[in-house]
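In the numbering used here, the protein residues as written are 3 to 496.
To start, the structure itself, in structure tokens.
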Amino acid sequence: MAIDSSTTPATAAPSPRRRLLLRGHPGVVLALILTCQLMVVLDATIVNIALPDIRTALHFSPASLSWVINAYTLTFGGLLLLGARAGDILGRRRTFLVGITLFTLASLLGGFAASSAELLAARAAQGIGAALAAPSALALLMTMFPQGRERTRAIGLYTAVSVGGSAVGLIAGGMLTQWASWRWVLFVNVPIGVAVIALSRLVLPETPRRSGRFDLPGALTSTIGMTALVYGLVHAASNGWVNTATIASFTVGVVLLAAFVLTELRAPSPITPLRLFADRNRSTSYLARLLLAAGMLGMFFFLTQFLQNLLGYSPLKTGFAFLPLTAMLFAASTLSARVLVERFGNRAQIAGGITLSTGGLLWLTQLSETSSYLSVLGPLLLFGMGTGISFVPLTTAALNGVAPEDAGAASGLVNVMQQLGGSLGLAVLVTVFGTASTHAARHVRPGESAAEVARHAFMVGADRAFFVAAILLAATVLLTFFALRPTASQTTDA
């Protein structure tokens, strides 16, 4: 690996000896990568609990409020492949620093936003920064830790942060919104980002620049096509699947993604080498990750509303209600990396973990208007255990055997599948929820008040959404069992 010999200004720089000790230190590099991943994943959910305050402060309409979330996820998911390729060509340390810097500045501007347009622009810029930083961070992890026990443990921590970050975002969002202001769900990234930038300049080793050029046609068709596809899914949730804009978005998305595949087959330096999909285990792990993320984001979305609207929880109490899930995710991910992969292998662990998560979602279908938090606690723990167990081997299967020149693209696809799966799943589940709750609201029982009708309609819709999410995860179990092949190399690497 090439080592960057650049130094920081003399007034702030440590001694050359100290700098050499820090540069490339695996523990410090891993800490930086985990911090970056936490910021990126957390920002997809931290604003959820603050949305009512944001709507009041910046005068969002009910329909436009969803774009506070979508502006981030669309740019993040749509530009991840371009960010991964940028890291391969320009150097991953440089790309990582540019991404974190942009993310931090956008967070600062978003916190000071005085209008809805300013906030949405800042959220989109955050997504661009995250798309540059996230794949470079994971590629640096792969470079620093050779295949084997150390990489498996590093990936275990990485996936624990990736999965648990969504739950941590709900907790942090509740705390910041209730104790300070909704603006602090954005401001909180600034001091962390500044610290990461400063330390990264001292610690992160640079990877050599690779010959090649940016695949501009591939970048445009993949980014715009993916954005159109995700927009169609999001638009369908509020306007229906037969809406003209929804159909047009899907059409544009499918056409451009087909053009992207044709472009990549002919490009001398493709943004996404299609040879990555030639490996059966890697392709299966990508699809399994997409389906698992689809069910997971829907669970967060509907449980948050259940806790606030039906149980009357405050933002802070709602955030802490997810703490058992977060704790179980971290514990299960650590157990997975240290013990389970060695004993059971990837396929058995993925299928077993997702089976537990499926059971948790099926358990949630039993919630009713009279349910208490105890009815939620068991499913949260079961889902957290299963998801924590399965995400480590899923990530390992996606990255095993990847050539160094493809590391950025492979790691970018891991994040793409998670973002696209979450957007796709939420759109489908919200549509299922809307259809079921509307139907339930039309059948008013004698003597019911408007509030009781609304509560009943919500629970009917949420139960149906949890059931469909469970179907998605059950399909993932079958996919894993029949398509993922246990290999000797995976067991040895673990």
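Note that CB positions come from ideal geometry on N, CA and C, so glycine has one too.
These figures come from a predicted structure and were not determined experimentally.
> To the nearest angstrom, how far is it from the Cα of residue 190 to the Cα of residue 402?
Replying inline: In the sequence shown, counting from the first residue as 1, residue 190 sits at position 188. In the sequence shown, counting from the first residue as 1, residue 402 sits at position 400. Residue 190 and residue 402: Cα-Cα distance of roughly 35 Å.
> For residue 128, does the three-state DSSP call read helix, strand or coil?
Replying inline: The count along the sequence shown starts at 1 and reaches residue 128 at position 126. The answer is helix: DSSP assigns residue 128 an H, G or I state.
>> Assuming contact is defined by CB atoms lying nearer than 9 Å, are residue 228 and residue 413 in contact in what I supplied?
In response: In the sequence shown, counting from the first residue as 1, residue 228 sits at position 226. In the sequence shown, counting from the first residue as 1, residue 413 sits at position 411. Cβ distance not < 9 Å, so residue 228 and residue 413 don't count as in contact.
> Does DSSP put residue 441 in a helix, in a strand, or in coil?
Replying inline: As a working note, residue 441 is residue 439 in the sequence shown. It is helical.
> Excluding the five sequence neighbours on either side, which residues of its own chain have a C-beta within less than 6 Å of the C-beta of residue 186, listed in chain order?
Replying inline: The residue you call residue 186 lines up with position 184 of the sequence shown. Within its own chain, the residues whose Cβ lies closer than 6 Å to the Cβ of residue 186, once the five positions on either side in sequence are excluded, are 178, listed in chain order.
>> Between residue 297 and residue 363, how many whole angstroms is the CB-CB distance? I'm expecting something under 8 Å.
In response: Position 295 of the sequence shown holds residue 297. Position 361 of the sequence shown holds residue 363. Residue 297 to residue 363, Cβ: 6 Å. Contact.
>> Suppose the cutoff is 7 Å on Cβ atoms and the five residues either side in sequence are ignored; what does the same chain contact list for residue 262 look like?
In response: What you label residue 262 is simply residue 260 of the sequence shown in a count that begins at 1. If we look at residue 262 and ignore the five residues flanking it on each side, its Cβ neighbours are 220, 223, 224 and 227.
> Going by beta carbon distance, what residues of the same chain come within less than 6 Å of residue 472, once the five residues before and after it are set aside?
Replying inline: Looking up residue 472 in the sequence shown gives position 470. If the five residues before and after residue 472 are omitted, its C-beta is found closer than 6 Å to the C-beta atoms of 360, 363 and 364, all from its own chain and listed in chain order.
>> I'd like the list of long-range same chain contacts for residue 279, defined as Cβ closer than 7 Å, with 5 residues on each side in sequence excluded.
In response: Your numbering for residue 279 matches position 277 in the sequence shown. Contacts found: 285.
> Could you give the distance in angstroms between the alpha-carbon of residue 306 and the alpha-carbon of residue 139?
Replying inline: For this step, residue 306 is matched to residue 304 along the sequence shown. For this step, residue 139 is matched to residue 137 along the sequence shown. In this structure, the straight-line span from the alpha carbon of residue 306 to that of residue 139 is close to 30 Å.
> Between the C-alpha atoms of residue 217 and residue 442, what's the straight-line distance to the nearest angstrom?
Replying inline: Residue 217 sits at position 215 when you count from the first residue of the sequence shown. Residue 442 sits at position 440 when you count from the first residue of the sequence shown. Rounded to the nearest angstrom, the gap between the Cα atoms of residue 217 and residue 442 is 50 Å.
> Within 10 angstroms of its Cβ, does residue 237 collect 16 or more other Cβ (buried), or is it exposed?
Replying inline: For this step, residue 237 is matched to residue 235 along the sequence shown. Counting Cβ neighbours within 10 Å, residue 237 comes out buried, since at least 16 surround it.
> Would you report the Cα separation of residue 23 and residue 202, rounded to the nearest angstrom?
Replying inline: Working through the sequence shown from its first residue, we reach residue 23 at position 21. Working through the sequence shown from its first residue, we reach residue 202 at position 200. With a pLDDT of 44 at residue 23, under the threshold of 50, the modelled position of that residue is not reliable, and no figure is offered here.
> In whole angstroms, what separates the C-alpha of residue 396 from that of residue 437?
Replying inline: To locate residue 396, count along the sequence shown from 1; it is residue 394. To locate residue 437, count along the sequence shown from 1; it is residue 435. If I take the Cα positions, the gap works out to 33 Å.
>> Measuring straight from C-alpha to C-alpha, what distance separates residue 376 and residue 369?
In response: Here residue 376 refers to the residue found at position 374 of the sequence shown. Here residue 369 refers to the residue found at position 367 of the sequence shown. Straight-line Cα distance between these residues: approximately 10 Å.
> Under the three-state reduction of DSSP, which class applies to residue 367: helix, strand or coil?
Replying inline: Against the sequence shown, residue 367 aligns to sequence position 365. Here residue 367 carries a coil assignment [DSSP, helix/strand/coil].
>> Runs of 4 residues minimum, wholly inside the stretch 363-423: which ones carry the alpha helix (DSSP H) assignment?
In response: The qualifying runs are 376-401.
> Could you give the distance in angstroms between the alpha-carbon of residue 455 and the alpha-carbon of residue 462?
Replying inline: Residue 455 sits at position 453 when you count from the first residue of the sequence shown. Residue 462 sits at position 460 when you count from the first residue of the sequence shown. Straight through space, the alpha carbons of residue 462 and residue 455 are spaced by roughly 11 Å.
> residue 112: which of 348, 183, 351 and 294 sits nearest, CA to CA?
Replying inline: Working through the sequence shown from its first residue, we reach residue 112 at position 110. For the set 348, 183, 351 and 294, the Cα lying nearest the Cα of residue 112 is the one of 183.
> Rounded to the nearest angstrom, how far is the Cβ of residue 158 from that of residue 479, given a contact under 8 Å?
Replying inline: Position 156 of the sequence shown holds residue 158. Position 477 of the sequence shown holds residue 479. That pair is no contact at about 21 Å.
> Which residue's Cα is closest to the Cα of residue 87: 31, 243 and 272?
Replying inline: As a working note, residue 87 is residue 85 in the sequence shown. It is 272.
> If you drop the 5 nearest sequence neighbours on each side, which residues of the same chain put their C-beta closer than 8 Å to that of residue 39?
Replying inline: Locating residue 39 in the sequence shown gives position 37, counting from the first residue. Here the set comprises 136, 139, 140, 160, 163, 164 and 167.
> Can you round the beta-carbon distance between residue 70 and residue 53 to whole angstroms, since I take them to be within the 8 Å contact cut?
Replying inline: As a position in the sequence shown, residue 70 is number 68, starting the count at 1. As a position in the sequence shown, residue 53 is number 51, starting the count at 1. At roughly 6 Å, the Cβ-Cβ gap stays under 8 Å, so residue 70 and residue 53 are in contact.
> Would a C-beta distance cut-off of 9 Å place residue 60 and residue 117 closer than the cut-off?
Replying inline: Stepping through the sequence shown from its first residue, residue 60 is reached at position 58. Stepping through the sequence shown from its first residue, residue 117 is reached at position 115. Yes, these two residues count as a Cβ contact at 9 Å.
> For residue 429, does the three-state DSSP call read helix, strand or coil?
Replying inline: What you label residue 429 is simply residue 427 of the sequence shown in a count that begins at 1. In this structure, DSSP gives residue 429 a helical state, which the three-state scheme calls helix.
> So is residue 244 buried or exposed if we call it buried at 16+ other beta carbons inside 10 Å?
Replying inline: Along the sequence shown, one-based indexing puts residue 244 at 242. Label assigned to residue 244: exposed.
>> Quick check on residue 317: does DSSP put it in helix, strand or coil?
In response: In the sequence shown, the residue the question calls residue 317 occupies position 315. Of the three classes helix, strand and coil, the one that applies to residue 317 here is helix, per DSSP.
> Quick one: what does DSSP say residue 96 is sitting in, helix, strand or coil?
Replying inline: For the purposes of this step, residue 96 is taken as the residue at position 94 of the sequence shown. If DSSP states are grouped into helix, strand and coil, residue 96 belongs with the helices.
> How about residue 219: is its C-beta nearer than 9 Å to some C-beta of chain D?
Replying inline: Structure shown: chain D not included; a single protein chain is present.
> Taking just the CA atoms, how far does residue 292 sit from residue 233?
Replying inline: Reading the sequence shown from its first residue, position 231 is the one you call residue 233. Reading the sequence shown from its first residue, position 290 is the one you call residue 292. Put simply, the backbone Cα of residue 233 is about 17 Å away from that of residue 292.
>> Starting from residue 247, trace the alpha helix (DSSP H) in both directions and tell me its first and last residue.
In response: Counting from 1 along the sequence shown, the entry for residue 247 is found at position 245. Here the alpha helix (DSSP H) through residue 247 covers 246-268.
> Can you tell which of 334, 41 and 457 has its C-alpha closest to the C-alpha of residue 314?
Replying inline: Here residue 314 refers to the residue found at position 312 of the sequence shown. It is 457 whose Cα lies nearest to the Cα of residue 314.
> Leaving out five residues before and five after residue 474 in sequence, what residues of the same chain have Cβ atoms less than 6 Å from its Cβ?
Replying inline: Numbered from its first residue, the sequence shown carries residue 474 at position 472. Counting only Cβ-Cβ distances below 6 Å, and skipping sequence neighbours, we find 293, 296 and 297.
>> Quick test of your reading: residue 482 and residue 353, contact by CB under 8 Å. State the CB separation rounded to the nearest angstrom.
In response: The residue given as residue 482 occupies position 480 in the sequence shown. The residue given as residue 353 occupies position 351 in the sequence shown. Yes, residue 482 and residue 353 are in contact; Cβ-Cβ is about 5 Å, under 8 Å.
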